[in-house]
Amino acid sequence: MVVFDTYAWIEYFRGSEKGLTVKQLLSNGGITPSIVLAEIARKYIREGVSSEETKRRLLFIQGKTIIKCIDIDVSLLSSKIYLQLKKHAKIHGLRTPSLADSLVYSIATIEKDKLVTGDRLFKGLPDVIYIGD
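See below:
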């Protein structure tokens, strides 16, 4: 399986070429971190998408993937991964990672799965399927 981040799901719902890659990967199932649901809801509501449509998309994600919640193991690992991502970002001139970034990558690490993303912060990191650029 793979872990889908917010970027991957947004591209899926846009129906872009990158979204087609997500759709193909989704055929084998996957995991979505719970924080991704919150990020997607925030984005769509901020952009004026109705609550009903936003909920429909979140329910679709819930129906197609396993929702992985933040637990103690994820929390502890994410603190270490945050520091690694911050160092990586500084070396490569990328944006500062967010807490959500470290949580999502931690879940992929714990699950021993690859992270599907187009976020440049993760480009070139181990166990990442990069769909960006």
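Reading the sequence shown from the start, the letters are residues 1 to 133 in the working numbering.
Just so you know, even glycine gets a beta-carbon here, dropped at the ideal spot from N, CA and C.
These figures come from a predicted structure and were not determined experimentally.
Segment contact: the stretch 96-104 against the stretch 74-87, three or more CB-CB distances shorter than 8 Å; contact assigned.
C-alpha of Ile110 to C-alpha of Val74: approximately 7 Å in a straight line. Leu25 and Gly15 have their C-alpha atoms spaced approximately 14 Å apart.
Within the same chain, Met1, Thr65 come within 7 Å of Gly29 by CB-CB distance, once the 5 residues on both sides are set aside. Scanning Lys112, Ile129, Glu53, Val36 for the CA closest to the CA of Ile70 turns up Val36. Leu58 and Tyr12 have their C-alpha atoms some 12 Å from each other.
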